[in-house]
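Peer 1:
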């Protein structure tokens, strides 16, 4: 068993170098959020107390036009969590075009999350998972000039989970509901000084369902005990949790696991939500979850059964020792519709993640 939680000081960057600051950082973003939150709440409290989180709206059946209606986040671009909204982070996060992600969880007062050893934690009705996406102007100065583009909510109502995407207005004063999705121009400078620009895609609500479906039912993806930072546990929000349990490694930190373990963690988070026996890609027979046994279901020596033209002329999902002959690498490296995997959520290939997976396949015997 691993210690209860990895070091809260570990940093994770988009270039695959532990210690680099940037996209999808796990625990550092949490620390930054907490510091910013305290500072901003002190500023707010000096004038007037913020309104409490709107539980009635969360539990109701309406779809509020503005993110501020929920009172989950405060301040410009919603970078301050309201009271009762807890920042958290993941050891290994989903890649989304190098976007920074700021995660929060809200659980109604008097209720707690139930621990599960496998799968997503069991959140009570009235809970909200909040995730904001954005970019610093320059990843070499990741805390400066951060532009938040969108905030997505997963709300657990009595009828089940619903997904609502909100896009921030130009002055950062509020975010508007965009159920049909939209595109936003995003620009930033990479760690090596290279300028980047993409048409950032905000998903529509049906696309949210495509990724978040398990047996056809909407569900969260990320908050599994094995991939969580300590904050939800130390805040006393999770019940029935053991004192320690195994964690998946940080994908870009060799100190946390072998090449095989880190590659499996990366695949679990980036692919396993669809590629599992109960997911949207169950018909592929390619199962990429952390629990999947090594062998054909993991793609090793397996011929594709549902890839169509997406596999090009390659014969195997994973060809041991030959990443250049593996459909898995071919599709993750592509940005062409019909070939690219994942199908949603990216307009760029994750060069650093691909480097890890190529190493993983190269080392196979």
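In our numbering, the protein residues as written are 1 to 365. Glycine included, C-beta positions come from ideal geometry on N, C-alpha and C. Predicted, not measured: the structure shown is a model, and the values here were computed from it.
1) Can you tell me the Cα-Cα spacing of residue 60 and residue 333, whole angstroms?
2) Closest to residue 146 by C-alpha separation, out of 101, 166 and 160, would be which residue?
3) In angstroms, rounded to a whole number, what distance separates the CA positions of residue 288 and residue 144?
4) Please list, in chain order, all residues of the same chain as residue 292 whose beta carbon is under 6 Å from its beta carbon, the five residues on each side excluded.
5) Excluding the 5 residues preceding and the 5 following residue 354 in the sequence, name in chain order all residues of the same chain whose CB lies nearer than 8 Å to its CB.
6) Which residue wins for smallest C-alpha separation from residue 130, given the options 187, 162 and 340?
7) If you count every other CB in all the chains shown that lies within 10 Å of the CB of residue 114, and 16 or more means buried, which is it?
8) Rounded to the nearest angstrom, what separates residue 138 and residue 187 at their Cα positions?
9) Kindly indicate which residue of 359, 62 and 339 has the alpha-carbon position closest to the one of residue 264.
10) For residue 62, count neighbouring C-beta atoms within 10 Å of its own C-beta (all shown protein chains included) and say buried if the count is 16 or more, exposed if not.
11) Counting only the same chain and skipping the five closest in sequence on each side, list residues whose C-beta sits under 7 Å from that of residue 45.
12) As a quick exercise: from 254, 88 and 349, pick the residue whose alpha carbon is nearest that of residue 198.
13) Is residue 324 near the ligand FMN, judged by its Cβ being under 7 Å from some heavy atom?
14) How would you label residue 220, buried or exposed, when you count the other beta carbons within 10 angstroms and need 16 or more for buried?
15) Grouping DSSP H, G and I as helix and E and B as strand, with all else coil, what is residue 61?
16) With DSSP run on the structure shown, which of helix, strand or coil describes residue 290?
17) For a minimum of 3 consecutive residues, which ranges assigned as the beta strand (DSSP E) are wholly contained in the segment 159-196?
18) Going straight from the alpha carbon of residue 120 to that of residue 273, what length do you get?
19) CB residue 249 to CB residue 261, shorter than 8 Å?
Peer 2: Looking at the coordinates:
1) 42 Å
2) Of 101, 166 and 160, the residue nearest in Cα terms is 101.
3) 36 Å
4) 298
5) 329, 332 and 333
6) 162
7) exposed
8) 9 Å
9) 359
10) With fewer than 16 other Cβ atoms within 10 Å, it is exposed.
11) Its pLDDT being 49, under 50, residue 45 is placed unreliably in this model, and the value from its coordinates should be taken loosely. None.
12) Checking every option, the nearest Cα to that of residue 198 belongs to 349.
13) As for the ligand FMN, it is missing from this structure, which has no ligand bound.
14) By the 10 Å Cβ count, residue 220 comes out buried.
15) In this structure, residue 61 counts as coil in the three-state DSSP scheme.
16) coil
17) 160-168, 175-177 and 182-189
18) Near 11 Å, if we compare the C-alpha coordinates of residue 273 and residue 120.
19) yes
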